[in-house]
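Engineer: Counting in our numbering, the first sequence runs from 9 upward without gaps. Quick reminder that beta carbons are idealized off the backbone N, C-alpha and C, glycines included. What you are looking at is a predicted structure, and each value in this text was computed from that prediction instead of being measured.
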Amino acid sequence: MKTDKMGEWRRTHYSSDVGPELDGKEVTVFGWVQEIRDLGGIRFLILQDKNGKVQITIHRDKADSKVLKKAESLQRQYSIGIKGVVRKMGKAPGGAEIIPNEMRIFGVAKQPLPLDITGRTRADIDVRLDARVLDLRREENQAIFRVQHAALEAARSFLSKQGFMEVFTPRIIVSATEGGSALFPVAYFKREAFLAQSPQLYKEQLILDFEKVFEIGPFFRAEESHTRRHLSEFISLDIEEAFATAEDVMKVLEELIHNVCKDVTGNCGRELKLLKHKIEVPKTPFKRFTYDEVLEELEEEKIHIPWGEDIPTPAFRLLGKLHPYYYFLTDWPTKAKAFYIKPRDDNPEISEGFDLMWRWVELSSGGTRIHSKDLLVKRLSEQGLSPESFKHHLQAFDYGMPPHAGWGLGLARLVMALTGIRNIRDVVLFPRDRFRLTP
RNA sequence: GCCCUGGUAGUAUAGUCCGGUCUAGUAUAGGCGGCUGUCGCCCGCCCGACCCGGGUUCAAAUCCCGGCCAGGGCGCCA
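(1) Does DSSP put I106 in a helix, in a strand, or in coil?
(2) Apart from the five residues on each side of it in sequence, which residues of its chain come closer than 8 angstroms, Cβ to Cβ, to G103?
(3) Which first and last residues belong to the alpha helix (DSSP H) in which K198 is found?
(4) Closest to L330 by C-alpha separation, out of G374, T321, W368, D339, would be which residue?
(5) Could you check what DSSP says for P28 in three-state terms: helix, strand or coil?
(6) Can you round the beta-carbon distance between P207 and T177 to whole angstroms, since I take them to be within the 8 angstroms contact cut?
(7) Could you tell me whether the segment 215-233 touches the segment 423-434, where touching means 3 or more Cβ pairs closer than 8 angstroms?
(8) Do the segment 359-376 and the segment 322-329 make contact, defined as three or more Cβ pairs closer than 8 angstroms?
(9) May I ask you to list the residues that DSSP assigns as paired with I448?
(10) Say whether the segment 430-447 touches the segment 282-298, bearing in mind that this needs 3 or more beta-carbon pairs closer than 8 angstroms, one atom from each stretch.
(11) My output table needs one value for G39: the three-state DSSP class, helix, strand or coil.
(12) Let me make sure I understand the geometry here. Which of Q205, E200, V182 has the alpha-carbon closest to that of L191?
(13) Whose CA, out of R130, Y86, P356, I90, lies closest to the CA of G115?
(14) What number of angstroms, rounded off, separates the C-alpha of R387 from the C-alpha of L239?
(15) Below 8 angstroms, how does it come out for the segment 389-401 and the segment 253-270: are there three or more Cβ pairs, yes or no?
(16) Going straight from the alpha carbon of A71 to that of I107, what length do you get?
(17) Label H67 either buried or exposed according to how many other C-beta atoms from any shown protein chain fall within 10 Å of its C-beta, with 16 as the threshold for buried.
(18) Could you pull the start and end residues of the beta strand (DSSP E) that D363 belongs to?
(19) When the Cα atoms are used, what is the spatial distance from S168 to G418?
(20) Pull the bridge partners of L326 from the DSSP assignment, please.
(21) For the putative contact between S372 and W415, defined by C-beta atoms under 8 angstroms, what is the C-beta separation to the nearest angstrom?
(22) To which residues of the same chain is A131 closer than 6 angstroms at the C-beta, ignoring the five residues directly before and after it?
(23) Could you spell out the range, first to last residue, of the alpha helix (DSSP H) harbouring F153?
(24) Can you tell me whether DSSP reads T126 as helix, strand or coil?
(25) Quick check: the Cα distance between R84 and L121, rounded to an integer number of angstroms?
(26) For Q156, does the count of other Cβ atoms within 10 angstroms reach 16, so buried, or fall short, so exposed?
(27) Spatial neighbours of E241 within its chain, please: CB distance less than 7 angstroms, with the 5 preceding and 5 following residues excluded, ordered by chain position.
(28) Do you know offhand how far E80's Cα is from A195's?
(29) Of all the options F362, Q42, K78, which has the alpha carbon lying nearest to the alpha carbon of Y348?
(30) Bridge partners of S183, per DSSP?
(31) Just to check my reading of the structure: D300 and D339 have Cβ atoms closer than 8 angstroms, yes? What is that Cβ distance to the nearest angstrom?
(32) In chain order, what residues of the same chain have a beta carbon less than 8 angstroms from the beta carbon of K33, not counting five sequence neighbours either side?
(33) State the beta-bridge partners of T298 as determined by DSSP.
(34) Among Q150, S23, T65, whose alpha-carbon lies nearest the alpha-carbon of D109?
(35) Taking 8 angstroms as the threshold (C-beta atoms), are I152 and V435 in contact?
(36) If distances are taken between C-alpha atoms only, which option among L261, E200, S183 comes closest to L209?
See below:
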């Protein structure tokens with residue numbers, strides 16, 4: 009099919025701008041055909057753009073013959089332009105519609121589409137992800153990413169006001185020595201390198217110069233996990249602060265969450281309505297439970313966890329039922345935390361590490377860091393890591409490393425909390441998991 | 001890596017337990033036709049499917065075995 013050129017046409021209004029107050033005004037709108045309702049003598053097109061939908065109405069006996077002919081050739085998902093006159097009309101959605109004088113077809117769409125873009129016939133997530141750009145036509149899906157955008161804006165603005173500076177650390181790193189989760193190897197010229205699993209070491213080094221830094225970026229973990237809250241590639245929001253303790257950065261974190269919730273609630277009314285989700289803006293300070301308190305609580309529920317062990321997922325699910333809000337878990341056993349988390353001075357068995365939970369999901373994890381080189385080297389060895397392979401990191405500790413603390417927050421998990429979406433794949437545009445590498 | 005569940009038109013499902021009634025039903029999308037106020041428009045007609053391989057049986061969408069794929073869960077996830 010022959011398509012039209014955009015030519016000199018430029019959009020004058022978005023769908024959301026078209027209302028009864030524009031009655032009689034000529035407008036140019038661009039967008040995609042979401043639905044066609046042909047009643048014979050009258051034909052309704054629902055035109056969708058990034059802001060919403062507007063109805064285009066074509067009367068068979070009144071419309072220009074060229075417009076009529078084009079209208080008859082339209083199909084779902086064609087991208088088109090309409091130049092027409094707004095008419096106040098109580099019977100139209102939003103109280104107004106556009107009567108076209110001219111129509112241009114820019115892009116056609118193969119029929120039938122691989123899934124229902126109106127969302128009435130629901131498709132499985134696998135089918136939806138295979139046709140992700142079409143899946144993202146659905147307004148609820150677009151709403152998720154607008155919420156994410158608002159959350160990011162709120163977080164950036166909050167952190168900047170608190171004196172944090174945004175930085176970027178390398179995604180390509182030299183060795184897999186950070187311990188813990190598996191890394192993806194990459195061919196780096198003639199050497200082997202790895203994709204970074206976190207900015208941890210770099211952000212710690214940078215507080216020596218900038219004191220308060222934050223980073224928002226993708227990280228990679230080659231885990232075997234296949235759950236609704238894990239991906240191989242995820243966006244992490246990290247901060248690190250000099251001359252600070254766990255309690256200090258927990259305050260930053262809870263204030264950040266509070267601000268994000270407040271801003272998203274204020275700015276994303278339409279999106280939250282589309283998602284049928286209400287955000288309860290959490291009051292600060294958040295509740296804090298110690299590891300020991302949680303173990304006791306679980307004991308009452310007949311779940312026994314030996315002291316020092318990590319808390320298994322089913323136990324976390326139960327905790328989420330008991331505490332359906334944002335809360336901190338503190339005083340973790342040192343051996344359950346990473347090598348760089350500082351043991352308490354009065355009891356080295358217990359660390360100054362913490363987790364921020366939302367119900368049963370771990371949103372963030374952080375703590376006071378070790379700033380003594382000797383202790384850090386000792387902890388590395390205890391965890392079976394070689395201090396030699398950390399020499400570039402350790403050099404920072406020779407140059408006046410101050411006490412410091414920080415945390416990392418999983419963006420997609422936060423968006424899940426903000427939208428009520430239960431599968432992390434739904435809140436990532438093109439998710440990468442153990443089995444999915446396309447599209 | 002382990003466990004559970006599933007795989008039927010473009011999409012979503014019924015049928016599977018208890019083999020024959022299935023020439024595989026329904027909705028939606030798509031095609032054709034009709035309809036001047038729809039907003040999940042409506043009405044009529046049409047197109048379109050049992051994941052792959054093997055086995056059992058007179059007979060397999062249905063039972064068995066293997067494979068592939070998917071979903072969920074667990075472990076793992078500094």
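Structural biologist: According to the structure shown:
(1) I106: strand per DSSP, three-state reduction.
(2) Answer for G103: G27, P28, K96, M97, listed in chain order.
(3) K198 -> no alpha helix (DSSP H), and no H or E assigned at all.
(4) Comparing alpha-carbon positions, the option among G374, T321, W368, D339 lying closest to L330 turns out to be W368.
(5) Judged by DSSP in its simplified three-state form, P28 adopts helix.
(6) About 4 angstroms; that satisfies the 8 angstroms criterion.
(7) In short, these stretches do not touch, since the Cβ pair count stays below three.
(8) Contact holds: three or more Cβ-Cβ distances are below 8 angstroms.
(9) With the chain covering only 9 through 447, there is no way to say anything about residue 448.
(10) Two segments are said to touch when three or more pairs of C-beta atoms, one from each, lie closer than 8 angstroms; by this definition the segment 430-447 does not touch the segment 282-298.
(11) The answer is strand: DSSP assigns G39 an E or B state.
(12) Per the C-alpha coordinates, the member of Q205, E200, V182 positioned closest to L191 is Q205.
(13) Minimum Cα distance to G115 is reached at Y86.
(14) Rounded to whole angstroms, the gap between the alpha carbons of R387 and L239 is 29 angstroms.
(15) Output reads no: the segment 253-270 does not touch the segment 389-401.
(16) Going from the Cα of A71 to the Cα of I107 covers about 8 angstroms.
(17) Exposed.
(18) Residues 361-366.
(19) S168 and G418: Cα-Cα distance of roughly 19 angstroms.
(20) Answer by DSSP bridge pairing: none, since L326 is not bridged.
(21) So it is a contact: roughly 5 angstroms between Cβ atoms.
(22) Apart from sequence neighbours up to five positions away, the residues of its chain that approach A131 with a beta-carbon distance below 6 angstroms are L123, ordered along the chain.
(23) 147-169 is the span of the alpha helix (DSSP H), which, as asked, contains F153.
(24) Residue state, collapsed to three classes: coil.
(25) The C-alpha of L121 is placed about 8 angstroms away from the C-alpha of R84.
(26) Its Cβ being crowded by 16 or more others within 10 Å, Q156 is buried.
(27) Cβ-Cβ distances below 7 angstroms link E241 to P226, F228, R440 in the same chain, with the five nearest sequence neighbours on each side left out; the list follows chain order.
(28) Just so you know, the alpha carbons of E80 and A195 end up roughly 54 angstroms apart.
(29) The residue with the shortest Cα to Cα distance from Y348 is F362.
(30) DSSP, once it has assigned bridges, lists no residue as partnering S183.
(31) In this structure D300 touches D339 by the C-beta definition: roughly 7 angstroms separates them, less than 8 angstroms.
(32) V93, V94, listed in sequence order.
(33) Beta-bridge pairing links T298 to T338.
(34) With the sequence shown as reference, residue 109 is identified as Asn, and Asp is not the correct amino acid for it. With distances taken between Cα atoms, N109 lies closest to T65.
(35) I152 is positioned such that its CB atom lies closer than 8 angstroms to that of V435.
(36) Among L261, E200, S183, the Cα nearest to that of L209 is on S183.
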